[in-house]
Amino acid sequence: MTVIYHGSRLRQGRFSEQGRIYHVTTVTKSRYPYFSDSHLASLVCRTLLWSDLSGVTTTLCYVLMPDHLHWLFQLGDDETLSKVMLRVKGRSGRLCGASLWQRGYHDHAVRKEENIRDIARYIVANPLRAGLVRSLKDYPYWNAVWL
Numbered sequence: 498m499t500v501i502y503h504g505s506r507l508r509q510g511r512f513s514e515q516g517r518i519y520h521v522t523t524v525t526k527s528r529y530p531y532f533s534d535s536h537l538a539s540l541v542c543r544t545l546l547w548s549d550l551s552g553v554t555t556t557l558c559y560v561l562m563p564d565h566l567h568w569l570f571q572l573g574d575d576e577t578l579s580k581v582m583l584r585v586k587g588r589s590g591r592l593c594g595a596s597l598w599q600r601g602y603h604d605h606a607v608r609k610e611e612n613i614r615d616i617a618r619y620i621v622a623n624p625l626r627a628g629l630v631r632s633l634k635d636y637p638y639w640n641a642v643w644l
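If you read the sequence shown in the working numbering, its first letter stands for residue 498, the second for the next number, and so on.
Below you can see the structure in the form of structure tokens.
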């Protein structure tokens, strides 16, 4: 695996490791609930699929909340985390016809001793904890490879 260090624009110590699994959270500008609009939410979900089909990522799970995205994925070969996020945020913004996202994102490189399924359960349970639905079957903007 190649480790790529990034410049000063990103927080000190951030680096990308190809093939590594990351949990990324990114937030809309001013926490505006753009994704309460089903059309915009569907376009963002399609952007994640596009990222996978392009070989850039392998999505393990995601949940798109009204004002933020949680995404658990494996970083593809010859990719950096910052480039992936730039592409996904840029493409989804263009498809939606709006500048949707705040600058930056929070990332967590999943360690070998962490249970990926526990992380995925935490991610997809967000709509339940937020009180948006009583059952995940009623929330359309999530997916997990285990289901």
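Positions of the beta carbon are idealized from the N, C-alpha and C atoms, including for glycine. The model shown is predicted, which means the values in this text are computed figures rather than measured ones.
Exercise for the section: Out of 522, 516 and 515, point me to the one whose CA is closest to residue 585's CA. Expected result: 522
Handout entry: Where residue 544 falls: helix, strand or coil (DSSP)
Key = helix
Exercise for the section: Work out the CA separation of residue 607 and residue 518 for me, nearest whole Å. Expected result: 6 Å
Exercise for the section: State the beta-bridge partners of residue 558 as determined by DSSP. Expected result: 569 and 641
Practice task
Would you kindly check if the distance between the Cβ of residue 560 and the Cβ of residue 612 is under 8 Å?
Solution key: no
Practice task
Could you please give me the residues that DSSP links to residue 604 through a beta bridge?
Solution key: 521
Practice task
For residue 549, I'd like the list of residues in its chain whose CB is within less than 7 Å of its CB, leaving aside the five on either flank, ordered along the chain.
Solution key: 555 and 556
Exercise for the section: Determine the extent of the beta strand (DSSP E) in which residue 513 is found, giving its start and end residues. Expected result: 512-514
Practice task
Would you kindly check if the distance between the Cβ of residue 544 and the Cβ of residue 600 is under 8 Å?
Solution key: no
Practice task
Give me the Cα-Cα distance between residue 565 and residue 616, rounded to the nearest whole angstrom.
Solution key: 17 Å
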